[in-house]
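Below is one structure; the comments refer to it alone.
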Amino acid sequence: MSTQTPFKSSPVLAHNTTTIPNREKLLRNAQKSPLLAMEIDEDVAEFDYGAFEGLTTQQILDRNPDWDMWRDGCPPGTEYPGESPEQMIERVDRVVAKVRAVQKKDPEDRQPAESGRDVIIVAHGKRR
-7 MSTQTPFKSS PVLAHNTTTI PNREKLLRNA QKSPLLAMEI DEDVAEFDYG AFEGLTTQQI
53 LDRNPDWDMW RDGCPPGTEY PGESPEQMIE RVDRVVAKVR AVQKKDPEDR QPAESGRDVI
113 IVAHGKRR
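For the sequence shown, this note's numbering begins at -7 and goes up steadily by one.
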């Protein structure tokens, strides 16, 4: 599954403004709830800025005025590998496919599966 532009296949599934201090606390809270089935997916993460990590867009443009994240991606850094737009799109498409599998019997079938569930996606932070 591939898209021509970022997030084309990705509807906004949910927005949660609750601050969660760390993933361990999130896991503990989710495990206590009988209503939640929780999965942490490393594909759900911010764009990997690589060598640009910690810089503002303006700082990046000051160094490279023609830079466009969606065309050029981000070069590798010492701590983070960086990511091309195609790599990010592949990650997002994998997440969308997983969500569709949870919600539908067949990705092409528009009828909800009998066991279909609502899905909330919360993304924050870098991949590990």
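Glycine included, every Cβ here is placed at the ideal spot set by N, Cα and C. Note that the structure is predicted; figures quoted are calculated from it, not measured.
With the cut-off set at 7 Å, would you say V111 and V94 are in Cβ contact? Working through the sequence shown from its first residue, we reach residue 111 at position 119. Working through the sequence shown from its first residue, we reach residue 94 at position 102. Their beta carbons are under 7 Å apart, which means V111 touches V94 by this criterion.
Are there 16 or more other CB atoms within 10 angstroms of the CB of M30, so buried, or fewer, so exposed? Residue 30 sits at position 38 when you count from the first residue of the sequence shown. Exposed, since its Cβ has fewer than 16 Cβ neighbours within 10 Å.
Using CA atoms only, rank isn't needed, just tell me which of A37, E38, I52 is closest to F44. For the purposes of this step, residue 44 is taken as the residue at position 52 of the sequence shown. Closest option to F44, Cα to Cα, is I52.
Just how far apart, CA to CA, sit R63 and G42? Working through the sequence shown from its first residue, we reach residue 63 at position 71. Working through the sequence shown from its first residue, we reach residue 42 at position 50. Approximately 15 Å between the Cα atoms of the pair.
Extract the residue ranges of the alpha helix (DSSP H) inside the segment 28 to 115, only unbroken runs of 4 or more that lie entirely within it. 49 to 55, 61 to 64, 77 to 95
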